[in-house]
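Undergrad: This is the structure I have questions about; it appears just below.
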Ligand code: G6P
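In the UniProt record's numbering, the protein residues as written are 1 to 495.
Following this line, the structure appears as structure tokens:
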């Protein structure tokens with residue numbers, strides 16, 4: 001659900017697109033749990049689609065257009081069959097999910113087994129055989145949809161933890177294909193992965209790919225250690241020799257880190273737009289022009305460390321280090337996976353904490369925490385980045401964290417401070433952020449205080465260096481690095 005914006009910040013109008021037949025088989029396919037479009041109602045009251053915000057689709061849209069591309073994914077509504085359709089130069093191939101499958105495959109195995117297991121078991125993962133059965137069945141369906149749409153020798157790029165069995169199914173159905181896989185979230189160490197009753201099948205599923213990409217070198221190493229430990233695979237120089245049923249080597253799977261990034265150009269363009277700059281000034285004014293605005297932007301997820309952040313902030317208010325007259329904390333928490341129990345509990349906890357903090361520290365004029373349980377379009381996000389002096393990213397575990405990168409990309413004048421958890425993938429690249437262990441509440445308080453009082457020259461030096469990194473590594477570079485490595489693997493393999 002998106003919040004309404006002032007007229008002038010309205011994002012692109014939805015484009016109505018009637019289902020159209022596909023052009024034919026595709027040379028390049030992306031397979032992800034969700035299609036990169038959201039359903040919207042058009043001016044005449046009908047249904048249309050709008051491209052979802054996000055770097056992945058921005059990076060891949062040009063590749064799609066130049067290579068007869070198609071995207072395979074779920075369209076977001078349970079119990080609905082949709083014919084393939086065309087939208088903004090992309091063929092979209094919807095994969096249906098029944099209501100039960102949403103519960104068992106998506107909310108269950110993907111988000112109550114794999115998600116917590118892969119994020120350091122911050123929440124306890126649940127293991128249910130019925131969820132696993134649904135995961136296998138749905139992964140098979142995605143693989144069949146991709147196999148049916150791919151041209152001879154096409155490249156297929158499978159995305160994320162919801163679809164780890166797809167590479168293997170796909171190779172069985174279509175051995176001619178080049179298959180890539182990218183895991184957007186962390187891959188856990190074998191000591192944790194060991195808990196999964198279906199650990200061998202998952203590793204085998206991934207090894208169906210020619211190239212398996214991870215966010216960090218540590219994730220790559222974890223995966224390769226698991227392949228060795230649970231399958232007895234022979235691993236040399238990040239390559240696994242995958243055997244067929246007769247023991248002969250059928251192909252080589254390579255694992256490598258490819259840290260994802262953002263559409264830097266888009267964020268920079270928005271950050272320079274006069275209406276968005278005006279909106280950022282308006283936000284500051286609406287908050288009563290405090291000395292410092294602090295910002296947190298997260299999906300409402302227990303991996304994000306929102307409660308740790310609020311605890312530290314509350315103690316700083318209590319200690320008198322921060323005064324509500326001087327500082328405002330904006331916490332955007334976008335609704336996520338709301339039918340999953342651990343997310344419902346987290347929402348109650350966060351909202352309880354915000355209520356208590358505001359009850360204790362608010363004045364008639366000032367509010368301690370502006371808590372916004374909404375999603376916002378990217379235009380409003382950039383206005384918030386511009387309005388904020390301190391960005392707080394305190395994840396307990398995070399594959400990458402693109403919000404940190406967006407904040408840096410938006411700060412063209414080199415001002416602003418980024419507090420960044422060392423447990424994010426982004427911490428590998430943003431070494432000049434104020435790095436923190438969010439479990440250490442005293443450390444978190446100290447770093448927030450330091451960020452608020454950061455001398456302008458130091459802030460500028462840090463931001464300049466982070467911007468240099470981000471500007472040189474956008475999401476377009478990420479996708480072309482991955483795809484060219486996949487193509488080269490193909491050449492090596494064929495020899
Ligand atoms: C993370 C995952 C994505 C997922 C997104 C939103 O970023 O890596 O695969 O799409 O969260 O979660 P949702 O469950 O709404 O798709």
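Glycine included, every Cβ here is placed at the ideal spot set by N, Cα and C. These numbers were taken from a predicted model, which means no experiment stands behind them.
Take residue 332 and list the residues in its own chain whose beta-carbon comes closer than 6 Å to its own, dropping the five residues that flank it on each side.
TA: Residue 332 sits at position 332 when you count from the first residue of the chain shown. Answer for residue 332: 297 and 372, listed in chain order.
Undergrad: Do residue 149 and residue 209 have their C-beta atoms within less than 8 Å of each other?
TA: Here residue 149 is taken as the residue at index 149 of the chain shown, counted from 1. Here residue 209 is taken as the residue at index 209 of the chain shown, counted from 1. Contact flag unset, no.
Undergrad: Is the beta carbon of residue 185 within less than 7 Å of some heavy atom of ligand 1?
TA: Along the chain shown, read from residue 1 onward, the residue named residue 185 stands at position 185. Residue 185: yes, Cβ under 7 Å from ligand 1.
Undergrad: Rounded to whole angstroms, what's the CA-CA distance from residue 294 to residue 345? Just pull it up for me.
TA: The count along the chain shown starts at 1 and reaches residue 294 at position 294. The count along the chain shown starts at 1 and reaches residue 345 at position 345. So the two alpha carbons sit approximately 25 Å from each other.
Undergrad: Whose CA, out of 25, 401 and 481, lies closest to the CA of residue 152?
TA: On the chain shown, residue 152 is found 152 positions in, with the first residue counted as 1. Minimum Cα distance to residue 152 is reached at 25.
Undergrad: Look at the Cβ atom of residue 155, then the Cβ atom of residue 140, and state whether they are nearer than 8 Å.
TA: If you number the chain shown from 1, residue 155 lands on position 155. If you number the chain shown from 1, residue 140 lands on position 140. Not in contact: residue 155 and residue 140 (Cβ atoms no closer than 8 Å).
Undergrad: Pull the bridge partners of residue 179 from the DSSP assignment, please.
TA: Within the chain shown, numbered from 1, the residue matching residue 179 stands at position 179. DSSP lists 156 as partners of residue 179.
Undergrad: On the DSSP letters alone, give me the boundaries of the alpha helix (DSSP H) that residue 239 sits inside.
TA: Mapped onto the chain shown, residue 239 falls at position 239. From DSSP, residue 239 is part of no alpha helix (DSSP H) but of the beta strand (DSSP E) over 239-243.
Undergrad: For residue 92, which residues in the same chain have their Cβ closer than 6 Å to its Cβ, ignoring the five residues on either side in sequence?
TA: Residue numbering aside, residue 92 sits at position 92 when the chain shown is read from its first letter. Counting only Cβ-Cβ distances below 6 Å, and skipping sequence neighbours, we find 35, 71 and 85.
Undergrad: Contact between the region 217-232 and the region 445-458: three or more CB pairs below 8 Å?
TA: They do not touch, by the three-pair rule.
Undergrad: Measure how close the beta-carbons of residue 160 and residue 366 come, nearest whole angstrom, since I'm counting them as under 8 Å.
TA: On the chain shown, position 160 is the one that residue 160 refers to. On the chain shown, position 366 is the one that residue 366 refers to. Rounded, the Cβ-Cβ distance is 41 Å, inconsistent with contact.
Undergrad: Less than 8 Å between the beta carbons of residue 203 and residue 55, yes or no?
TA: Counting from one through the chain shown, the residue named residue 203 turns up at place 203. Counting from one through the chain shown, the residue named residue 55 turns up at place 55. Contact: no.
Undergrad: In whole angstroms, what is the alpha-carbon distance linking residue 321 and residue 336?
TA: Against the chain shown, residue 321 aligns to sequence position 321. Against the chain shown, residue 336 aligns to sequence position 336. Going by the C-alpha atoms only, they are around 33 Å apart.
Undergrad: Please classify residue 126: does DSSP put it in a helix, a strand, or coil?
TA: By one-based count along the chain shown, residue 126 stands at place 126. It is coil, neither helix nor strand.
Undergrad: Is DSSP giving residue 319 helix, strand or coil here?
TA: The count along the chain shown starts at 1 and reaches residue 319 at position 319. The answer is helix: DSSP assigns residue 319 an H, G or I state.
Undergrad: Report the residue from 114, 254, 456 and 137 whose alpha carbon sits nearest the alpha carbon of residue 199.
TA: On the chain shown, residue 199 is found 199 positions in, with the first residue counted as 1. If we check each option's Cα against that of residue 199, 114 comes out closest.
Undergrad: So what's residue 205 in DSSP terms, helix, strand or just coil?
TA: Residue 205 sits at position 205 when you count from the first residue of the chain shown. Helix.
Undergrad: Look at the alpha carbon of residue 459 and the alpha carbon of residue 272, and state the distance between them as a whole number of angstroms.
TA: Here the question's residue 459 lines up with position 459 in the chain shown. Here the question's residue 272 lines up with position 272 in the chain shown. Going by the C-alpha atoms only, they are around 20 Å apart.
Undergrad: Between which two residues does the beta strand (DSSP E) carrying residue 94 extend?
TA: On the chain shown, position 94 is the one that residue 94 refers to. Counting along the chain, the beta strand (DSSP E) containing residue 94 begins and ends at 90-94.
Undergrad: Return the bridge partner residues of residue 50 from the DSSP annotation.
TA: Start at 1 with the first residue of the chain shown, and residue 50 comes out as number 50. 38.
Undergrad: Hey, would you say residue 463 sits closer than 8 Å to residue 397, going by beta carbons?
TA: Translated into positions along the chain shown, residue 463 becomes position 463. Translated into positions along the chain shown, residue 397 becomes position 397. Their beta carbons are not under 8 Å apart, which means residue 463 does not touch residue 397 by this criterion.
Undergrad: Suppose the cutoff is 8 Å on Cβ atoms and the five residues either side in sequence are ignored; what does the same chain contact list for residue 486 look like?
TA: Within the chain shown, the letter at position 486 stands for residue 486. Counting only Cβ-Cβ distances below 8 Å, and skipping sequence neighbours, we find 155, 157, 178, 180, 210 and 211.
Undergrad: Taking the alpha-carbon positions, what's the residue 163 to residue 122 distance?
TA: For the purposes of this step, residue 163 is taken as residue 163 along the chain shown, with counting starting at 1. For the purposes of this step, residue 122 is taken as residue 122 along the chain shown, with counting starting at 1. Their backbone Cα atoms lie some 22 Å apart in a straight line.
Undergrad: Which class does residue 69 belong to by DSSP, given the choice of helix, strand or coil?
TA: As a first step, residue 69 must be located in the chain shown, where it is residue number 69. DSSP places residue 69 in strand when its eight states are reduced to three.
Undergrad: Hey, how far is the Cα of residue 15 from the Cα of residue 52?
TA: Along the chain shown, read from residue 1 onward, the residue named residue 15 stands at position 15. Along the chain shown, read from residue 1 onward, the residue named residue 52 stands at position 52. Any answer about residue 15 is weak, because its pLDDT of 39 lies below 50 and its placement is not dependable; what the coordinates show is given next. Answer to the nearest angstrom: the Cα atoms are 12 Å apart.
Undergrad: Pull up the distance between the alpha-carbon of residue 393 and that of residue 249, whole angstroms please.
TA: For the purposes of this step, residue 393 is identified with residue 393 of the chain shown, where counting begins at 1. For the purposes of this step, residue 249 is identified with residue 249 of the chain shown, where counting begins at 1. Those two C-alpha atoms are separated by around 44 Å.
Undergrad: Looking at the structure shown, is residue 21 part of a helix, part of a strand, or coil, going by DSSP?
TA: Looking up residue 21 in the chain shown gives position 21. Low per-residue confidence applies at residue 21: pLDDT is 43, beneath 50, and the placement is therefore not dependable enough to give any value.
Undergrad: Would you list the one or two residues that DSSP bridges to residue 253?
TA: Mapped onto the chain shown, residue 253 falls at position 253. Bridge partners of residue 253: 240.
Undergrad: Taking all protein chains shown into account, do 16 or more other C-beta atoms lie within 10 angstroms of the C-beta of residue 456, making it buried, or fewer, making it exposed?
TA: Counting from one through the chain shown, the residue named residue 456 turns up at place 456. With fewer than 16 other Cβ atoms within 10 Å, it is exposed.
Undergrad: Pull up the DSSP beta-bridge partners for residue 211, would you.
TA: If you number the chain shown from 1, residue 211 lands on position 211. Note: residue 211 sits in a beta bridge opposite 180 and 254.
Undergrad: Can you name the residues that DSSP bridges to residue 28?
TA: In the chain shown, the residue the question calls residue 28 occupies position 28. Answer is 69 and 155.
Undergrad: Secondary structure at residue 374, three-state DSSP: helix, strand or coil?
TA: Within the chain shown, numbered from 1, the residue matching residue 374 stands at position 374. The answer is coil: DSSP assigns residue 374 none of H, G, I, E or B.
Undergrad: Spatial neighbours of residue 404 within its chain, please: C-beta separation below 8 Å, excluding the five flanking residues on both sides.
TA: Locating residue 404 in the chain shown gives position 404, where the first residue counts as 1. Closer than 8 Å at Cβ, skipping near neighbours: 391, 393, 418, 420, 424, 426, 430 and 433.
Undergrad: Mind checking which residues open and close the beta strand (DSSP E) that includes residue 435?
TA: Numbered from 1 along the chain shown, position 435 holds the residue referred to as residue 435. Where residue 435 is concerned, the enclosing beta strand (DSSP E) stretches over 434-436.
Undergrad: Tell me the residue span of the beta strand (DSSP E) that contains residue 109.
TA: On the chain shown, residue 109 is found 109 positions in, with the first residue counted as 1. Careful: residue 109 lies outside any beta strand (DSSP E) and carries neither H nor E.
Undergrad: Out of curiosity, what's the CA-to-CA distance linking residue 243 and residue 219?
TA: Against the chain shown, residue 243 aligns to sequence position 243. Against the chain shown, residue 219 aligns to sequence position 219. So the alpha carbons of these two residues sit roughly 23 Å apart.
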